[in-house]
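Notes to accompany the following structure.
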Amino acid sequence: MGRRARTAYLVILLLTVGQLAVATFATGLPQFEGKAFGGRLVAYPVVMLLPPLLWWLVAPRRGDTRPLPWAGFAFIAAPFLVDVTGNTLNLYDTVSWWDDANHYVNWLLLSLGIGLLLERQVVRPVWVLVVLVTGIGAALAIGWEVAEWYTFIRHGTELETAYTDTLGDEALGTLGALSAALVLGRRARTGADTAAVTR
3 MGRRARTAYL VILLLTVGQL AVATFATGLP QFEGKAFGGR LVAYPVVMLL
53 PPLLWWLVAP RRGDTRPLPW AGFAFIAAPF LVDVTGNTLN LYDTVSWWDD
103 ANHYVNWLLL SLGIGLLLER QVVRPVWVLV VLVTGIGAAL AIGWEVAEWY
153 TFIRHGTELE TAYTDTLGDE ALGTLGALSA ALVLGRRART GADTAAVTR
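In this note's numbering, the protein residues as written are 3 to 201.
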């Protein structure tokens, strides 16, 4: 399982960086215009590489000798691939519901990844993990909208509709995080019940 998750993470990373390079350096492709892909080419790989790097540095100091949680890293990286692929295929401009679906699904994936990392530390009670994952997801949804506004909305053509869109995106992101948290909570509870039965 660990090897497959690590392979999935590396494939997600390479596909994302490859598309970012095309988006940044290819000219005349309208789906990439005005969307700050030069910044994304730097920011996305850094954010995708940071969790395994930090885990690799910190875990041994805390005495955690278990294998790296590659499934968590892959889930955290997946939304960046989804976002870039949506732009590459021009889905944001051609499919009316694509942006909304992305905010829900991407935050579901991101929060699942975060939760898989946190569940090693927060096991009991389960509700703490649920609240923590939901809260972190909601905070990241707000942070994403602030960054999006700063990079290409404040001086762009979407300023008139940005407020309503931002509120909707934050709500969908928070709902995605809550969905992930409930899945993780159920998983943790089922694991605890199974462990109790086998004792």
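Positions of the beta carbon are idealized from the N, C-alpha and C atoms, including for glycine. Since the structure is predicted, the reported quantities are computational estimates derived from the model, not experimental observations.
Reduced DSSP secondary structure (H/G/I, E/B, other) of residue i
i	result
Val97	coil
Leu31	coil
Gly139	helix
Ala198	Unreliable placement is indicated for Ala198, whose pLDDT of 41 sits below 50; the coordinate value is still reported in the next sentence. It is helical.
Asp66	coil
Ala7	helix
Leu91	coil
Val124	coil
Gly117	helix
Gly170	helix
Pro81	helix
Gly175	helix
Cβ neighbours of residue i in the same chain (closer than 8 Å, five flanking residues each side left out)
i	result
Val84	Asn104, Val107, Asn108, Leu111
Val13	none
Nearest-angstrom Cα separation, counted from residue j out to residue i
i	j	result
Trp99	Leu15	26 Å
Thr29	Thr96	20 Å
Leu114	Pro32	33 Å
Asp171	Leu177	10 Å
Ala80	Thr87	11 Å
Ala23	Arg5	27 Å
Val185	Gly20	32 Å
Ala25	Phe82	14 Å
Val124	Leu118	10 Å
Ala61	Asn89	36 Å
Leu51	Val130	27 Å
Tyr11	Ala173	28 Å
Glu147	Thr168	6 Å
Ala38	Trp58	31 Å
Gly175	Leu91	22 Å
Leu202	Ile138	Outside the displayed range of the chain (3 to 201) lies residue 202, so it cannot be described from this structure.
Leu120	Phe27	37 Å
Pro54	Arg64	15 Å
Phe34	Gly74	29 Å
Glu150	Thr192	38 Å
Asp102	Ala140	15 Å
6 Å Cβ shell around residue i - same chain, five flanking residues per side excluded
i	result
Thr136	Ala179, Leu180, Ala183
Leu93	Trp100
Residue i, enclosing alpha helix (DSSP H) - first and last residue
i	result
Tyr152	It is not in any alpha helix (DSSP H) - Tyr152 carries neither H nor E in the DSSP assignment.
Gly41	39-60
Close Cβ partners of residue i (< 7 Å) along its chain, the five nearest in sequence each way excluded
i	result
Arg8	Trp72
Ile144	Glu172
Proximity to residue i [Cα-Cα], best of the options
i	options	result
Arg189	Pro127, Thr90, Glu147, Gly4	Pro127
Arg68	Ile144, Ala45, Arg122, Gly36	Arg122
Phe77	Gly65, Val49, Asp66, Arg64	Val49
Gly187	Glu150, Ile138, Gly175, Leu134	Leu134
Val132	Gly145, Ile116, Ala143, Ile144	Ile116
Leu17	Phe34, Thr192, Leu43	Leu43
9 Å Cβ cutoff, residue i in contact with chain D
i	result
Gln123	This model lacks chain D altogether; it includes just one protein chain.
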